[in-house]
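A.B. asks: Encoded as structure tokens, here's the structure I'll be asking about.
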Amino acid sequence: MYKKVNRNEKRLIRHKRIRKKVFGTSERPRLCVYKSLKYIYAQIIDDEKGHTLVAASSIEPEIKSRLSSTKSIEAAEYVGKVIAERAKEKGITKVVFDRGGYPYHGRVKALAEAARQAGLEF
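Residues 43 to 164, numbered by the numbering used here, are exactly what the sequence shown covers, in order.
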């Protein structure tokens with residue numbers, strides 16, 4: 043009959059559907075978000091070349107040391123701010139946001155809004 047699909051498999055199906063439309067170029071790379079139960083990760087990717095240009099996550103020691111918890115909205119905001127600063131250093135100002143199949147609220151929304159406030163346009 044039908045195969046039971048768990049929560050993460052459903053997210054991956056949504057992510058594939060989003061990726062059909064969201065594509066990062068060298069002028070406008072893709073800001074991709076992944077979150078686990080403990081950490082949140084963000085990457086800026088040029089899909090034409092297949093290269094990660096900038097990355098930040100709450101697992102990095104210098105970011106982790108400044109946070110009280112790595113799985114909070116505060117951590118997501120800080121990672122968003124750091125990814126935006128690192129992108130500006132590389133000359134990246136405009137990106138396409140890829141929420142990774144996650145709903146746009148909570149930690150994903152906090153990361154996106156912090157990146158916008160720090161200077162990224164999307």
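The C-beta atom is built at its ideal place from N, Cα and C for all residues, glycine as well.
1. Which whole-angstrom value describes the C-beta separation of Val-150 and Val-75, a residue pair presumed to lie in contact below a C-beta threshold of 8 Å?
2. Quick check: the segment 123-135 against the segment 46-57, are there 3 or more CB pairs under 8 Å?
3. What residue range does the alpha helix (DSSP H) around Arg-72 cover?
4. Apart from the five residues on each side of it in sequence, which residues of its chain come closer than 8 Å, Cβ to Cβ, to Glu-119?
5. Is Ile-82 closer than 8 Å to Glu-47 when the C-beta atoms are compared?
6. Check the DSSP bridge columns for Phe-164 and list the partner residues they point to.
7. What's the gap between the Cα of Tyr-146 and the Cα of Met-43?
8. What does the alpha-carbon distance come out to for the pair Ile-101 and Gln-85?
9. With the cut-off set at 8 Å, would you say Gly-143 and Ile-60 are in Cβ contact?
10. Locate the alpha helix (DSSP H) running through Ile-125, then write down its first and last residues.
C.D. replies: Reading from the atomic positions:
1. Position 108 of the sequence shown, counted from the first residue, corresponds to residue 150. Position 33 of the sequence shown, counted from the first residue, corresponds to residue 75. The Cβ separation is near 6 Å, so the contact holds.
2. no
3. One-based indexing of the sequence shown puts residue 72 at position 30. Careful: Arg-72 lies outside any alpha helix (DSSP H), inside the beta strand (DSSP E) at 72-77.
4. Looking up residue 119 in the sequence shown gives position 77. Correct list, in chain order: Ala-152, Leu-153, Glu-155, Ala-156.
5. For the purposes of this step, residue 47 is taken as residue 5 along the sequence shown, with counting starting at 1. For the purposes of this step, residue 82 is taken as residue 40 along the sequence shown, with counting starting at 1. This sequence places Val at residue 47; Glu is not what is there. No.
6. Here residue 164 refers to the residue found at position 122 of the sequence shown. For Phe-164, which the question treats as bridged, DSSP gives no partner whatsoever.
7. Here residue 146 refers to the residue found at position 104 when the sequence shown is read from its first residue. Here residue 43 refers to the residue found at position 1 when the sequence shown is read from its first residue. About 33 Å.
8. Reading the sequence shown from its first residue, position 59 is the one you call residue 101. Reading the sequence shown from its first residue, position 43 is the one you call residue 85. Roughly 13 Å between the two C-alpha positions.
9. Counted from its first residue, the sequence shown places residue 143 at position 101. Counted from its first residue, the sequence shown places residue 60 at position 18. Yes. Within cutoff.
10. Counting from one through the sequence shown, the residue named residue 125 turns up at place 83. Ile-125 -> alpha helix (DSSP H) spans 115-131.
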